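Participant:
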Amino acid sequence: MTSHPVTASGLHVIFDLDGTLVDSEPNYYEAGRRLLARYGVRDFGWEVHTRFIGISTLETLTALRAEYGIDAPLQELLAGKNALYLELAGASTVVFPQMRLLVERLHAAGVPMAVASGSSRAAIEAVLAVTGLDACIPLYVSADEVPHGKPEPDVFLETARRLGAEPADCVVLEDAPAGAAAAHAAGMRCIAVPYVPETASDPAFKAADLLFEGGQSAFTAEAAYRRLFR
Numbered sequence: 002m003t004s005h006p007v008t009a010s011g012l013h014v015i016f017d018l019d020g021t022l023v024d025s026e027p028n029y030y031e032a033g034r035r036l037l038a039r040y041g042v043r044d045f046g047w048e049v050h051t052r053f054i055g056i057s058t059l060e061t062l063t064a065l066r067a068e069y070g071i072d073a074p075l076q077e078l079l080a081g082k083n084a085l086y087l088e089l090a091g092a093s094t095v096v097f098p099q100m101r102l103l104v105e106r107l108h109a110a111g112v113p114m115a116v117a118s119g120s121s122r123a124a125i126e127a128v129l130a131v132t133g134l135d136a137c138i139p140l141y142v143s144a145d146e147v148p149h150g151k152p153e154p155d156v157f158l159e160t161a162r163r164l165g166a167e168p169a170d171c172v173v174l175e176d177a178p179a180g181a182a183a184a185h186a187a188g189m190r191c192i193a194v195p196y197v198p199e200t201a202s203d204p205a206f207k208a209a210d211l212l213f214e215g216g217q218s219a220f221t222a223e224a225a226y227r228r229l230f231r
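Position 11 of the sequence shown, counted from 1, bears residue number 12 in our numbering, the numbering being contiguous throughout.
#1: Tell me the DSSP secondary structure of residue 211 in three-state form.
#2: For the candidate residues 57, 36 and 40, whose alpha-carbon lies nearest to that of residue 153?
#3: For the 8 Å Cβ check, are there 3 or more pairs between the stretch 20 to 33 and the stretch 74 to 86?
#4: From residue 43 to residue 119, what distance separates their C-alpha atoms?
#5: Kindly confirm or deny that the stretch 129 to 137 and the stretch 101 to 112 touch, where touching means at least three C-beta pairs closer than 8 Å.
#6: Which residues in the same chain have their Cβ closer than 6 Å to the Cβ of residue 164, if we skip the five residues on either side of it in sequence?
#7: Less than 8 Å between the C-beta atoms of residue 20 and residue 170, yes or no?
#8: Taking Cβ positions, are residue 206 and residue 195 nearer each other than 8 Å?
#9: Using CA coordinates, which residue listed in 124, 138 and 91 is at the minimum distance from residue 109?
#10: Can you tell me which of the three DSSP states residue 79 falls into?
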């Protein structure tokens, strides 16, 4: 995607939540493992979980329900996983330190920010509250609120609408190929920080304005901040 200069007054930053701002994937994995165990699934491993990073909870459970032949209603599965995740997230959710630093620096500069996530509104709210990020990022949009989740652009376009911003004035921070593809489809710049560094070569990341190939271990708030105002 072609980058373009942007000033602080025109810049809007949209963060993915899980795997980008916070390391919530272990909690999502554990919630999924416990949920599936209730229905007799004993072989749900981390490698299966990573296939769904960046995909909404609803779409993930739809796929897993079919894959494991679970008869329970989808809404029952969704309610069960959300309850398990909220319990785990409320007890412990880790913010990536450099991401927190970037959020605080953007907040101090008066840059409007929002979260656009595949998680439920309740999960997003709980995580932002327990981490204190809600003080800087009061606006958030769940993929449950739009017709299609990532890699479709719906959640980013709705977030831009609520921010009162044009898509071209928005920069997305994402950790998953599906999210990077959604940002590109929305006509937004993207800073990619792969949660799974091995996915850095995924074609979806090729359009990123800035790619930290080593993931969170390579990401710095300073480098991201400089690129945002390029």
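Just so you know, even glycine gets a beta-carbon here, dropped at the ideal spot from N, CA and C.
Computed from a predicted model, the values in this text were never measured in an experiment.
Facilitator: In brief:
#1: Start at 1 with the first residue of the sequence shown, and residue 211 comes out as number 210. Correct three-state label for residue 211: strand.
#2: Numbered from 1 along the sequence shown, position 152 holds the residue referred to as residue 153. Of the listed residues, the one whose Cα sits closest to residue 153 is 57.
#3: These segments touch.
#4: The count along the sequence shown starts at 1 and reaches residue 43 at position 42. The count along the sequence shown starts at 1 and reaches residue 119 at position 118. Separation of residue 43 and residue 119 (C-alpha to C-alpha, rounded to the nearest whole angstrom) is 25 Å.
#5: The stretch 129 to 137 vs the stretch 101 to 112: in contact.
#6: Along the sequence shown, one-based indexing puts residue 164 at 163. Contacts found: 13, 113 and 115.
#7: Stepping through the sequence shown from its first residue, residue 20 is reached at position 19. Stepping through the sequence shown from its first residue, residue 170 is reached at position 169. With respect to the 8 Å criterion, residue 20 and residue 170 are not classified as neighbours on the basis of their beta carbons.
#8: Residue mapping note: residue 206 aligns to position 205 of the sequence shown, counting from 1. Residue mapping note: residue 195 aligns to position 194 of the sequence shown, counting from 1. The beta carbons of residue 206 and residue 195 sit closer together than 8 Å.
#9: Walking along the sequence shown from the start, residue 109 turns up at place 108. Closest option to residue 109, Cα to Cα, is 138.
#10: For the purposes of this step, residue 79 is taken as residue 78 along the sequence shown, with counting starting at 1. DSSP places residue 79 in helix when its eight states are reduced to three.
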